[in-house]
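Heads up: the structure comes next, in C-alpha cells.
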Amino acid sequence: MKKRVFSGIQPTGDIHIGNYLGAIQHWAASQSEFDNIFCVVDLHAITVPQEPAVLKVKTREVAGLLFAAGIDPEQSVIFVQSHIEAHAELTWILNCFTPMGWMRRMTQFKEKSLKQKAEVSVGLFDYPVLMAADILLYNTDAVPVGEDQKQHVELTRDVAQRFNAIYGETFRVPAVVIPEVGARIMGLEDPTQKMSKSESSGQTIYLLDSPDDIRAKFMRATTDSLREVRFDEARPGICNLLVIYELFTGLGRTDIEARFERKGYADLKRELTEVVVAGLGPLQARYRELTADPSHIDSLLAEGAAKIRPVAEKTLALVKERVGLG
Ligand code: ATP
Ligand code: LTN
Numbered sequence: 050m051k052k053r054v055f056s057g058i059q060p061t062g063d064i065h066i067g068n069y070l071g072a073i074q075h076w077a078a079s080q081s082e083f084d085n086i087f088c089v090v091d092l093h094a095i096t097v098p099q100e101p102a103v104l105k106v107k108t109r110e111v112a113g114l115l116f117a118a119g120i121d122p123e124q125s126v127i128f129v130q131s132h133i134e135a136h137a138e139l140t141w142i143l144n145c146f147t148p149m150g151w152m153r154r155m156t157q158f159k160e161k162s163l164k165q166k167a168e169v170s171v172g173l174f175d176y177p178v179l180m181a182a183d184i185l186l187y188n189t190d191a192v193p194v195g196e197d198q199k200q201h202v203e204l205t206r207d208v209a210q211r212f213n214a215i216y217g218e219t220f221r222v223p224a225v226v227i228p229e230v231g232a233r234i235m236g237l238e239d240p241t242q243k244m245s246k247s248e249s250s251g252q253t254i255y256l257l258d259s260p261d262d263i264r265a266k267f268m269r270a271t272t273d274s275l276r277e278v279r280f281d282e283a284r285p286g287i288c289n290l291l292v293i294y295e296l297f298t299g300l301g302r303t304d305i306e307a308r309f310e311r312k313g314y315a316d317l318k319r320e321l322t323e324v325v326v327a328g329l330g331p332l333q334a335r336y337r338e339l340t341a342d343p344s345h346i347d348s349l350l351a352e353g354a355a356k357i358r359p360v361a362e363k364t365l366a367l368v369k370e371r372v373g374l375g
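50 is the number of the first residue of the sequence shown in our numbering; add one for each residue after it.
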C-alpha cells in the first residue's frame, strides 16, 4: 500500500514561485510514490474577506495551475474543500477537543490578526482546526508543506493524539514533510519577509507573470552593498536569489558559486531571469491549453471530489459513532 499524502493551497491571490518551490513542485515530483490528495481550500480562504466572484475564479485558476505544474489526475486527486461537507462537520467536532491554550500559540494567527485588527474573524482563529480536519479525514501519512505550515501540522498531530487517547484509535497521526531547500522563499523587495500572496507584487514572482515582469522584478530585487555572489545566510537578499537559481537549475552550490566567481549581482539577476522564464514557460503554456475550455477544470474537480468523498464520509461516520452523535 502506498502512503497517503495530503496537502492544501488557498485560492487567494496569485500563486507564486514560493508556493511552487516550497510545495507544488514536490507534490508533482513525488506523485508516483504516494497516494496523493491535493485540496484547494476555499473554506480557509473565507477566513479573511473575499470577493465572491473573484474567489470562484481563483479556485479554478489554482486548480488549473496545479494540473499545469504536472499533477496528473490519473495519479492524484485534486478537489475543492467546500465540495465535501465532511470538512466543515469534522471541524466542529474537533473544535470541541482542541484546548484554547493550544490555539493561542499559533504564530500565523498572531501575525495575520495584527494586519486585520478589529475585523479579525473567529474563522481565522479556527483555521488550524479546519486544517486538522482536512488532514485527518483521509488517513493521511504525510503532509508536504512549506515551513510556515509546520506548526499547524504539529497541532493536527496533537489533536489526533488527544482524540485517540479519549476514544481509542480513530485517526492516523500524520508526519510533516518540509523540503530541505526552498521551504521559505523570501520576498524580493524585503528579503526578511516570506514571499506571500498577500504582499505587494514587487515582492513576488507569480507563476503566470510575463517574462518582462519577471525580469523587472528580479532586476529591482534588494541585494546588499557587497559584491561576492555567495550562499551566505547573513545576506538574505542575495542568498534568496541564489536559492531560487539553485532550485530552478538543479545545480549544486559550489558549481553555482564558481559560475558567478568573476561576475556581479547584475549577471546573477540576468541569468536568474533566464532560468525562471524558461522554467515557467512550459507550465504557462499547459495552463493556457487546460483553460481553453472553461468546463474542463470543473469536470476534473467534480471527478476528484467524487473519487475521495467516500473516504471522508467513512472517517466522519466513525468519529460520530465514537463521540456518540446521531
Ligand atoms: P498567504 O501569504 O496569503 O498566507 P501563501 O502564499 O502562504 O498565502 P498558501 O496557499 O497559504 O500560500 O500556501 C500553499 C503552500 O505554499 C503551503 O504549503 C505553504 O507552506 C507554501 N508556501 C507559501 N509561501 C511560501 C514561501 N514563501 N516559500 C516556500 N513555501 C511557501
Ligand atoms: N493552511 C495551508 C493550506 C492548507 C493545508 C491543509 C496544507 C489547508 N489545509 C491541509 C496541508 C494540509 C496554507 O495556508 N498553506
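No residue lacks a Cβ here, since even glycine has one placed at the ideal position from N, Cα and C.
Here the structure is a predicted model, which is why all the values come from computation and not from measurement.
Run through DSSP, which three-state label would residue i get?
i	result
VAL368	helix
LYS52	coil
ALA78	helix
PRO98	coil
ALA307	helix
ILE120	coil
PRO193	strand
ILE64	coil
GLY57	strand
Could you give the residue range of the alpha helix (DSSP H) that holds residue i?
i	result
VAL126	No alpha helix (DSSP H) holds VAL126; the beta strand (DSSP E) holding it covers 125-129.
VAL103	101-117
PRO177	171-185
THR156	156-165
GLY150	149-153
Just curious, the beta strand (DSSP E) that residue i is in, first and last residue?
i	result
ILE86	84-89
ALA137	Taken as a continuous stretch (DSSP letters only), ALA137 belongs to no beta strand (DSSP E), being part of the alpha helix (DSSP H) at 135-144.
VAL324	Where VAL324 is concerned, there is no enclosing beta strand (DSSP E), although the alpha helix (DSSP H) it sits in stretches over 314-339.
So is the beta-carbon of residue i under 7 Å away from any non-hydrogen atom of the ligand ATP?
i	result
ASN68	yes
SER125	no
ARG109	no
Quick check: does the Cβ of residue i come within less than 7 Å of any heavy atom belonging to the ligand LTN?
i	result
PHE220	no
VAL90	yes
GLN333	no
GLN59	yes
Is the stretch 215-235 in contact with the stretch 284-295, if contact means three or more CB pairs nearer than 8 Å?
-> yes
Enumerate, from N- to C-terminal direction, the unbroken beta strand (DSSP E) stretches of 3 or more residues contained entirely within the stretch 196-239.
-> 224-226
Touching or not, the stretch 122-129 and the stretch 162-171, by the rule of three or more beta carbon pairs under 8 Å?
-> no
Examine the Cβ distances between the stretch 209-227 and the stretch 170-177 and report whether three or more of them are shorter than 8 Å.
-> no
Taking only runs of the alpha helix (DSSP H) that begin and end inside the stretch 226-305, which ones reach a length of at least 4 residues, in chain order?
-> 260-269 and 285-298
Is it a yes or a no for the stretch 83-94 touching the stretch 231-251, going by three-plus beta-carbon pairs under 8 Å?
-> no
For the stretch 187-195 and the stretch 141-154, state whether three or more C-beta atom pairs, one from each stretch, are separated by less than 8 Å.
-> no
Examine the Cβ distances between the stretch 319-332 and the stretch 94-106 and report whether three or more of them are shorter than 8 Å.
-> no
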